[in-house]
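Notes follow the structure.
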Amino acid sequence: MKPQPSANPSILMEKLVSLCKRRGFIYQSSEIYGGWNGFWDYGPLGAELKRNLRDAWWKQVVHWREDVVGLDASIIMHPAIWKASGHVDTFNDPMHSCPACKKLTRADQILNIAQEQKWYSSLSQTLTKNGLDVPKLQKWLQREAQSQLPNLLAISGPEFSVEFAAKTIVTLAQQITPFDLLRLLACPPGENPNSVTPCPHCGAPLPPARPFNLMLRTHTGPIADDSNLTYLRPETAQAIFAQFKNVYDSSRVKVPFGIAQIGKAFRNEITPRNFTFRSREFEQMELEFFIRPDEATELLTGKLTHYSPELDLTEPQPDWAWDVWHHYWVRQRILFFQTLGLHEGQHLELYWQKPDELAHYAKATVDILFRFPFGTEELEGIAARGDFDLSQHQLHSGKSLEIFEEELKIKAASLPESDRQKFKDKVIQNWGNSGKSAEQAAAFCDKLFTGCYIPHVIEPSLGLDRLALAVLSAAYAEDTVPDAKGNPETRTVLRLHPSIAPIKCAVLPLLKNKPELVAEARRVFLLLRQHLVVEYDEAGAIGRRYRRQDEIGTPFCVTIDFDTIGENGREKKGTVTVRNRDTLKQERIPINQLVPYLLERIAIAPNQNS
RNA sequence: GCGGGUGUAGUUUAGUGGUAGAACUCCAGCCUUCCAAGCUGGCCGCGCGGGUUCGAUUCCCGCCACCCGCACCA
Numbered sequence: 283m284k285p286q287p288s289a290n291p292s293i294l295m296e297k298l299v300s301l302c303k304r305r306g307f308i309y310q311s312s313e314i315y316g317g318w319n320g321f322w323d324y325g326p327l328g329a330e331l332k333r334n335l336r337d338a339w340w341k342q343v344v345h346w347r348e349d350v351v352g353l354d355a356s357i358i359m360h361p362a363i364w365k366a367s368g369h370v371d372t373f374n375d376p377m378h379s380c381p382a383c384k385k386l387t388r389a390d391q392i393l394n395i396a397q398e399q400k401w402y403s404s405l406s407q408t409l410t411k412n413g414l415d416v417p418k419l420q421k422w423l424q425r426e427a428q429s430q431l432p433n434l435l436a437i438s439g440p441e442f443s444v445e446f447a448a449k450t451i452v453t454l455a456q457q458i459t460p461f462d463l464l465r466l467l468a469c470p471p472g473e474n475p476n477s478v479t480p481c482p483h484c485g486a487p488l489p490p491a492r493p494f495n496l497m498l499r500t501h502t503g504p505i506a507d508d509s510n511l512t513y514l515r516p517e518t519a520q521a522i523f524a525q526f527k528n529v530y531d532s533s534r535v536k537v538p539f540g541i542a543q544i545g546k547a548f549r550n551e552i553t554p555r556n557f558t559f560r561s562r563e564f565e566q567m568e569l570e571f572f573i574r575p576d577e578a579t580e581l582l583t584g585k586l587t588h589y590s591p592e593l594d595l596t597e598p599q600p601d602w603a604w605d606v607w608h609h610y611w612v613r614q615r616i617l618f619f620q621t622l623g624l625h626e627g628q629h630l631e632l633y634w635q636k637p638d639e640l641a642h643y644a645k646a647t648v649d650i651l652f653r654f655p656f657g658t659e660e661l662e663g664i665a666a667r668g669d670f671d672l673s674q675h676q677l678h679s680g681k682s683l684e685i686f687e688e689e690l691k692i693k694a695a696s697l698p699e700s701d702r703q704k705f706k707d708k709v710i711q712n713w714g715n716s717g718k719s720a721e722q723a724a725a726f727c728d729k730l731f732t733g734c735y736i737p738h739v740i741e742p743s744l745g746l747d748r749l750a751l752a753v754l755s756a757a758y759a760e761d762t763v764p765d766a767k768g769n770p771e772t773r774t775v776l777r778l779h780p781s782i783a784p785i786k787c788a789v790l791p792l793l794k795n796k797p798e799l800v801a802e803a804r805r806v807f808l809l810l811r812q813h814l815v816v817e818y819d820e821a822g823a824i825g826r827r828y829r830r831q832d833e834i835g836t837p838f839c840v841t842i843d844f845d846t847i848g849e850n851g852r853e854k855k856g857t858v859t860v861r862n863r864d865t866l867k868q869e870r871i872p873i874n875q876l877v878p879y880l881l882e883r884i885a886i887a888p889n890q891n892s
């Protein structure tokens with residue numbers, strides 16, 4: 283899916299970045315030293331905004347559910363965790379940087395990438411059973427290679443290379459791939475073709491691969507050597523898997539249940555870009571929701587319900603298969619975004635990853651994309667990871683990460699032996715279809731009959747910094763309002779959902795030079811401060827103060843005027859005006875009703891299921 | 001990491017081989033009876049480091065950052 287930027291995305295981004303700095307939402311890290319790429323600091327308002335988003339997530343994912351508990355793990359963990367998770371291997375990819383076309387290619391992906399290129403199939407046709415079809419190859423060099431592999435050495439000296447290739451191929455074994463042939467065509471005379479790696483994009487010979495370390499490294503202990511190399515976590519999820527057993531044993535949870543965590547993660551991104559969207563230090567809000575393997579569900583309930591669009595996803599059911607749980611969580615996550623004012627269709631898009639895009643561990647992944655000004659990009663990923671992570675940690679740590687369910691054991695024991703065998707045969711057949719051995723399947727079933735299994739997991743993983751950027755860009759608006767003289771004026775306003783606005787309400791005396799107004803305003807301010815994040819402001823004309831609050835997204839302004847202090851009659855005494863950021867309308871409210879009035883309009887309603 | 005562009009106050013900008021002006025913002029005071037009013041005063045700047053030069057914000061080099069494109073994003 284290609285990003286669809288809005289009308290003038292860079293202008294909007296510039297305005298947003300500028301507002302974030304001017305008003306104290308987000309600053310560049312280390313700015314007085316020239317800044318530091320990939321790192322950002324949140325100012326007073328940004329810190330409040332982030333805290334509100336964090337709280338909203340924690341509330342809805344942990345506190346408002348009975349089946350999710352929290353965790354707050356260390357950032358630096360045993361390096362073996364990253365070996366087990368696969369990050370040490372996949373995050374330390376050696377890469378080739380092409381000096382000619384400048385493209386960066388993972389060393390272990392060169393062949394795969396080559397096979398996807400246009401030239402690959404046409405080049406393969408020059409290889410016959412008996413070796414090389416030299417005239418065909420010459421033709422290929424003149425046509426296909428000329429445009430698709432312009433930096434191939436054989437193009438500058440075709441005669442020599444073709445002859446050389448033909449001779450070499452005859453002397454080599456019969457199994458020559460098009461890529462081997464390309465090596466020959468990219469090989470300078472006299473050199474060993476096996477030592478040449480041609481760029482799959484342009485044909486130029488590549489220099490040796492260099493390691494790209496995507497994990498940030500440090501050393502634990504005073505001496506910095508390889509023996510105490512440790513990593514700053516590149517994701518928070520692994521801590522949940524590593525502590526799975528402890529949480530399970532200590533918190534009386536039962537499958538299905540989840541463990542949630544919010545925390546910093548670090549990645550050595552090659553190019554951090556787009557403001558805070560891709561940074562090297564970021565905060566994740568992750569949930570690992572553990573469910574039974576489908577086989578356990580089926581054994582226990584005697585049935586297994588797969589997903590269909592008609593299925594009611596409101597309340598979890600015991601017979602749900604993993605794909606229903608996956609859909610359930612996608613829906614839960616959409617409902618979460620709704621409570622913050624981000625809506626599917628308007629701001630968000632769902633993208634179901636295609637089978638060939640899935641990571642090796644994932645059974646299915648949905649990306650929730652947000653329409654950022656610079657393009658439609660991932661905000662949250664919801665992956666069905668099977669038992670990959672817990673199995674890996676069980677394997678590497680040597681500690682059992684299986685859980686035991688009494689009811690499962692009882693259920694299995696209650697079945698006649700023939701039914702158990704039937705069940706086992708079915709599992710063996712199903713697993714066989716996905717390439718697993720009958721022994722594995724049988725061992726799994728035997729464990730299952732004793733009530734033991736490794737839970738599977740659904741993982742909704744959201745970037746807090748991305749969420750902050752998303753709500754800010756969705757909220758940014760410029761509208762036209764009349765000024766004091768009735769002339770139209772452009773107003774910048776952050777239409778943040780009241781629940782996440784950094785300041786909930788500003789308290790303003792209409793005039794600064796009237797002590798009665800100021801005194802009453804201070805009283806109201808101190809009253810509201812006990813319940814809400816409020817700000818007091820008396821500087822400048824009232825209109826200017828409203829605009830200042832508009833720009834930082836404050837949903838309500840309370841103004842203390844002459845009615846409040848009883849100058850215009852008894853019936854209005856003790857009332858204030860509450861000005862609404864979005865409608866610009868004002869309501870008169872008695873001071874003693876202010877707190878409930880505001881709280882009601884700021885809160886997120888629990889269990890919003892629309 | 002590569003290529004191109006940019007870097008003067010919080011923001012937008014003017015300008016110069018002899019160290020800089022403006023507008024808006026911000027702060028203080030006066031004034032002000034509801035949407036960036038007015039008056040007075042004030043704070044704040046040549047991204048960093050080196051070189052050339054009597055003297056560099058200006059010229060040169062390096063670095064850093066930002067923007068655009070390429071690539072990358074388990």
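Here the first sequence is numbered in this note's numbering, starting from 283 and rising by one per residue.
For every residue, glycine included, the Cβ atom is placed at its ideal position computed from N, Cα and C.
For residue i and residue j, which I take to be in contact (beta-carbon distance under 8 Å), what is that distance rounded to the nearest angstrom?
i: S755; j: P878; result: The Cβ separation is near 32 Å, so there is no contact.
i: L353; j: A578; result: That pair is no contact at about 24 Å.
i: L792; j: L799; result: 6 Å
i: H779; j: G627; result: Not confirmed; about 17 Å, so no contact.
i: L464; j: L405; result: 7 Å
i: S743; j: E568; result: 5 Å
i: K418; j: Q407; result: 7 Å
i: T621; j: Q342; result: 7 Å
i: A788; j: E833; result: Contact flag wrong, Cβ pair sits at about 12 Å.
i: F581; j: A396; result: A small correction: the amino acid at residue 581 is Leu; Phe does not occupy that position in the sequence shown. The pair is not a contact, with the Cβ atoms about 47 Å apart (cut-off 8 Å).
i: G856; j: I873; result: 5 Å
i: I776; j: G835; result: Note that residue 776 is Leu in the sequence shown here, rather than Ile. Indeed, because the Cβ distance is near 3 Å, the residues count as touching under 8 Å.
For residue i, which residues of its own chain have a beta-carbon under 8 Å away from its beta-carbon, when the five flanking residues on both sides are left out?
i: K729; result: E684 and Y735
i: V537; result: F572, I573, R574, I685, E687 and P737
i: L270; result: Residue 270 is absent from the structure shown; the chain starts at 283 and stops at 892.
i: S509; result: none
i: L294; result: S288, P655, S755 and Y758
i: N334; result: S781, I782, A783 and P784
Have a look at the DSSP bridge pairing and note the partners of residue i.
i: I685; result: Y735
i: I522; result: Its beta-bridge partners do not exist; DSSP assigns none.
i: V763; result: E771
i: W602; result: T587
i: W322; result: Q310
i: Q722; result: Answer by DSSP bridge pairing: none, since Q722 is not bridged.
i: V901; result: Residue 901 is absent from the structure shown; the chain starts at 283 and stops at 892.
i: F501; result: Here residue 501 is His; the residue named in the question, Phe, does not match the sequence. The partner list for H501 (beta bridge, DSSP) reads L511.
Where does the unbroken beta strand (DSSP E) through residue i begin, and where does it stop?
i: V789; result: C787 to P791
i: K546; result: F539 to F548
i: E869; result: Q868 to P872
i: N862; result: T857 to N862
i: W634; result: L630 to W634
i: I363; result: Not the beta strand (DSSP E): I363 falls in the alpha helix (DSSP H), residues P361 to S367.
i: L677; result: From DSSP, L677 is part of no beta strand (DSSP E) but of the alpha helix (DSSP H) over F670 to S679.
i: A506; result: It is not in any beta strand (DSSP E) - A506 carries neither H nor E in the DSSP assignment.
Among the residues of its own chain, which have a CB less than 7 Å from the CB of residue i, if the five just before and after it don't count?
i: E330; result: P784 and V815
i: G540; result: D349, V350, L569, E570, F571 and F572
i: G663; result: T647, D649 and S743
From what residue to what residue does the alpha helix (DSSP H) around residue i run?
i: A486; result: Segment: none, A486 is in no alpha helix (DSSP H) and carries neither H nor E.
i: R562; result: Counting along the chain, R562 falls outside any alpha helix (DSSP H), and DSSP gives it neither H nor E.
i: V353; result: With the sequence shown as reference, residue 353 is identified as Leu, and Val is not the correct amino acid for it. L353 -> not in any alpha helix (DSSP H); beta strand (DSSP E) instead, spanning V350 to L353.
i: A803; result: P797 to R811
i: E699; result: E699 to N715
i: G835; result: G835 -> no alpha helix (DSSP H), and no H or E assigned at all.
Looking only at its own chain, which residues have a Cβ that is under 6 Å from the Cβ of residue i, when we skip the five neighbours before and after it?
i: P475; result: R465, L466 and C469
i: Q676; result: L683
i: R827; result: L790 and D819
Query raised in the report: Touch check for the region 540-552 and the region 562-578: three-plus C-beta pairs under 8 Å?
Result: yes
Requested in this report: Could you say if the region 858-870 and the region 839-849 meet the contact criterion of at least three C-beta pairs nearer than 8 Å?
Outcome: yes
Query raised in the report: For the 8 Å Cβ check, are there 3 or more pairs between the region 605-621 and the region 701-713?
Result: no
Query - Cβ contact (3+ pairs, closer than 8 Å) linking the region 463-480 and the region 319-333 - result: no
Query raised in the report: Does the pairing of the region 648-664 with the region 746-753 give three or more beta-carbon distances under 8 Å?
Result: yes
Query raised in the report: Are the region 517-531 and the region 355-371 touching, with three or more C-beta to C-beta distances below 8 Å?
Result: Yes, since at least three Cβ pairs between the region 517-531 and the region 355-371 fall closer than 8 Å, the two stretches touch.
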